[in-house]
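Heads up, the thing below is written out as structure tokens.
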Amino acid sequence: MMLRIVLIVSTFITLSGCSDAAPVPVSECAKVVAHAKKILGDKAPSTADMTKQCKEASDEARGCVLTANKAMKILNCDM
């Protein structure tokens, strides 16, 4: 199970896509993380880990996560 989470997080960080999403500033990370946790459910990493990733991500990547409505779409974001 832990390996699965690590793979999801790794993919979450490395894949790119969703270029048509509106940019979201770092100040909106709480909203981005809450949305990602809702979509990923019990497969979501910890809030602390996701917040760190969000703060390190680009505005475009955060926008991509906010527009995702399925876990696989989140995995296509460049977080």
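Under mature numbering (1 follows the signal peptide of the UniProt record, and there is no 0), residues -21 to -1, 1 to 58 are what the sequence shown spells out, in order. Just so it is clear, CB atoms sit at the ideal spot from N, CA and C, and this is done for glycine as well.
Where residue i sits in the DSSP three-state scheme
i	result
A1	coil
C56	coil
S37	coil
K16	helix
S6	helix
Euclidean distance between Cα positions of residue i and residue j
i	j	result
T26	A9	9 Å
V5	M51	23 Å
C56	L45	10 Å
N48	K17	9 Å
A(-1)	E39	7 Å
A36	M58	5 Å
L19	V12	10 Å
A23	A15	8 Å
C43	V3	9 Å
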